[in-house]
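Q: Sharing a structure with you now.
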Amino acid sequence: MAKIEMKTPLVEMDGDEMTRIIWQMIKDDLICPFVDLKTEYFDLGLEYRNATDDQVTIESAEATKRLGVAVKCATITPNAARMSEYDLKQMWKSPNGTIRAMLDGTVFRTPIVVNCIEPCVRNWTKPITIARHAYGDVYKNTEMRVEGPGTVELVYTGADGSEKREVVFAFEGPGVVQGMHNLDASIESFARSCFEYALDTQQDLWFATKDTISKIYDHRFKDIFQEVFDRDYAERFAQAGIEYFYTLIDDAVARVMKADGGFIWACKNYDGDVMSDMVSSAFGSLAMMTSVLVSPSGVYEYEAAHGTVQRHYYKHLEGQVTSTNSVATIFAWSGALRKRGELDELPELVNFANQLEAATLGTIEDGEMTGDLARITTLENPKTLSTSDFIKAVAKRLAIALQ
Ligand code: NAP
Ligand code: MG
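Numbering of the sequence shown is given in our numbering, commencing with residue 387 and proceeding in unit increments.
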């Protein structure tokens, strides 16, 4: 069989630990046998980020702006333990944070539903999509340790030299302080991508913040969403028979637990980080979730929402057999290839992406899965496969489907 052709390369961002191992297996067994894969490769593994003073992360984001579609492997965000483990020059920032700050936009995360895994929340019969604002707030903060008594102020110096000051706190002893920001333009593009995605997928959109407590910061989010909605989307939503509403974050959490799913929940950056882990875990596993960053300029970065699965990696290094779930990473590849196929008008590539996803889900629904799913499936006698055997089982199915 001739391999499926690509036109424009994908931006390929390799990563760390167990997901780096899975990355190579997916390419070797699931993609390269069928697709004449074209990528621009960037090694975002921590060693190379350290060697390049993190320039490689910036270059990969610039390539994404240029080429339009990226696929990213999970990467280590260094902490104190990683400093010595990798002998780092510096505690480099989160690559996801750097890339999102450069691309702006919104991350959409949707559970990957299979018929043999029931969500912990019994009434969730349809997926819940989290739309996470990908710019600013605590991910682009400035923090300070306050050593002793003294006053901390927020100072704004206008381009014209004018000044605005606000006392944050008059400390009588040691403590901590944090400054963060967001931009009207970024919030507006967040709102637009959420409204567009809701129309695209015909689902209601919920948005929630804590504007009763954060009367200026969070309130600005609420106002911008409402202005954009009233001006540009109210009519289109009415025609589509879908709804937008705003509520407080704590009310939203309570309502989500009682809902049956099938809607988009727009969250500020931090809320989206935390809530997407909760929603995906409740739907079965962190590894059963798609994640895509959609920037206002129309570029896409597909990734898995989980981390580098460090504990499994150390087992792997000791020569033990692992059973790590590769579904989210497979769907990052299929999502990116499908989008590339759509943009380049390559129906065969789009079909390949669809078949890859169907083979993955079919393997699980026929009872072959990794340990995380075998523990929670409703199927009797599921077969627990190793990391590589699961990928090989998908490859076998895919080869038959593509014949
Ligand atoms: P993690 O890698 O998501 O793993 C946490 C636990 O969740 C694992 O120990 C495992 O549980 C389970 N798990 C996650 N993904 C799984 C999979 N694909 N298959 C089976 N089980 C899975 O999070 P972490 O251990 O907190 O973080 C490890 C590293 O990842 C950190 O350095 C962090 O900076 C980085 N990270 C990167 C990203 C990203 O790049 N997208 C996101 C989050 C974290 P059991 O051990 O119980 O089997
Ligand atoms: Mg997270």
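C-beta atoms are modelled at their ideal positions from N, C-alpha and C, and glycine is treated no differently.
Please determine whether the Cβ atom of residue 768 lies at a distance below 8 Å from any heavy atom of the ligand NAP.
A: Residue 768: no, Cβ never under 8 Å from the ligand NAP.
Q: Is the number of C-beta pairs between the region 662-675 and the region 473-482 that are closer than 8 Å three or more?
A: No, they do not touch.
Q: With a floor of 4 residues, list each alpha helix (DSSP H) that falls wholly inside the region 565-599, ordered by position along the chain.
A: Within the region 565-599, the complete alpha helix (DSSP H) runs of at least 4 residues are 570-587.
Q: Quick check: is any heavy atom of the ligand NAP less than 8 Å from the C-beta of residue 486?
A: No, since every heavy atom of the ligand NAP falls outside the 8 Å radius drawn around the Cβ of residue 486.
Q: What does the alpha-carbon distance come out to for the pair residue 756 and residue 711?
A: For residue 756 and residue 711, the distance between alpha carbons rounds to 6 Å.
Q: Measure the beta-carbon distance from residue 784 to residue 741 and round it to whole angstroms, keeping in mind my assumption that it falls under 8 Å.
A: Indeed they touch by this definition, with Cβ atoms about 6 Å apart.
Q: Taking the alpha-carbon positions, what's the residue 675 to residue 504 distance?
A: Going by the C-alpha atoms only, they are around 14 Å apart.
Q: So residue 416 packs on residue 716, CB below 8 Å; how close in whole Å?
A: 7 Å between Cβ atoms; contact.
Q: At a cut-off of 8 Å, would you count residue 696 as near the ligand NAP, judging by its Cβ distance to the nearest heavy atom?
A: Yes, Cβ of residue 696 sits closer than 8 Å to a heavy atom of the ligand NAP.
Q: For residue 452 and residue 688, what's the separation of their Cα atoms in angstroms?
A: Rounded to whole angstroms, residue 452 to residue 688 spans 16 Å at the Cα level.
Q: Do you know how far the Cα of residue 496 is from the Cα of residue 513?
A: Whole-angstrom Cα-Cα distance: 7 Å.
Q: Check whether the Cβ of residue 692 sits closer than 8 Å to any heavy atom of the ligand NAP, and report yes or no.
A: At least one heavy atom of the ligand NAP is nearer than 8 Å to the Cβ of residue 692, so yes.
Q: Do the region 693-707 and the region 512-530 make contact, defined as three or more Cβ pairs closer than 8 Å?
A: The region 693-707 is not in contact with the region 512-530.
Q: Can residue 553 and residue 539 be called in contact, C-beta distance under 9 Å?
A: In this structure, residue 539 lies closer than 9 Å to residue 553 by Cβ.
Q: Between residue 681 and residue 489, how many whole angstroms is the CB-CB distance? I'm expecting something under 8 Å.
A: Yes, they are in contact, since the Cβ atoms of residue 681 and residue 489 sit about 4 Å apart, within 8 Å.
Q: So does residue 402 have its beta carbon nearer than 8 Å to some heavy atom of the ligand NAP?
A: Residue 402: yes, Cβ under 8 Å from the ligand NAP.
Q: I'd like the list of long-range same chain contacts for residue 579, defined as Cβ closer than 7 Å, with 5 residues on each side in sequence excluded.
A: Hits under 7 Å: 491, 492, 680 and 682.
Q: For the ligand NAP, any of its heavy atoms closer than 8 Å to the Cβ of residue 468?
A: Yes.
Q: Go through its chain and collect everything with a Cβ distance to residue 581's Cβ below 6 Å, but skip five positions before and after it.
A: Excluding sequence neighbours, residue 581 sits near 619.
Q: What residues in its chain sit with their C-beta under 7 Å from that of residue 763, if we drop five residues either side in the sequence?
A: Excluding positions up to five away in sequence, the list reads 502, 503 and 755.
Q: Going along the chain, which residues of its own chain have a beta-carbon closer than 6 Å to the beta-carbon of residue 427, five neighbours each way excluded?
A: If we look at residue 427 and ignore the five residues flanking it on each side, its Cβ neighbours are 398.
Q: Of all the alpha helix (DSSP H) runs that stay within the bounds of the region 653-708, which reach a length of 4 or more residues?
A: For the region 653-708, whole alpha helix (DSSP H) runs of length 4 or above, ordered along the chain, are 655-668 and 696-703.
Q: May I ask you to report which of helix, strand or coil DSSP gives residue 716?
A: The answer is helix: DSSP assigns residue 716 an H, G or I state.
Q: Taking 8 Å as the cut-off, does the CB of residue 462 come closer than this to any heavy atom belonging to the ligand NAP?
A: Correct: residue 462 has its Cβ closer than 8 Å to the ligand NAP.
Q: Does at least one heavy atom of the ligand NAP sit under 8 Å from the Cβ of residue 757?
A: Yes, the ligand NAP has a heavy atom inside 8 Å of this Cβ.
Q: Leaving out the 5 sequence neighbours to the left and right, which residues in its chain are closer than 6 Å to residue 517 when beta-carbon positions are compared?
A: The answer, listed in chain order, is 492, 494, 580, 650 and 652.
Q: So the beta strand (DSSP E) residue 456 belongs to, where does it begin and stop?
A: Looking at the DSSP string, the run of the beta strand (DSSP E) that includes residue 456 is 455-458.
Q: Kindly indicate which three-state DSSP category residue 437 falls into: helix, strand or coil?
A: Reduced to three states, the DSSP call for residue 437 is helix.
Q: Within the present structure, is the beta-carbon of residue 749 separated from the nearest heavy atom of the ligand GDP by less than 8 Å?
A: This structure lacks the ligand GDP; its bound ligands are the ligand NAP and the ligand MG.
Q: Which two residues bound the contiguous beta strand (DSSP E) that contains residue 780?
A: That residue, residue 780, is in no beta strand (DSSP E); its alpha helix (DSSP H) goes 773-788.
Q: For residue 651, which beta-bridge partners are listed by DSSP?
A: 516 and 592.
Q: DSSP puts residue 421 in a beta bridge; with which residues?
A: Note: residue 421 sits in a beta bridge opposite 390.
Q: Which value, in whole angstroms, describes the spacing of the CA atoms of residue 637 and residue 598?
A: When rounded, the distance between both Cα atoms is 12 Å.
Q: Within the continuous alpha helix (DSSP H) that includes residue 646, where are the two ends?
A: First-last for residue 646: undefined, no H or E at that position.
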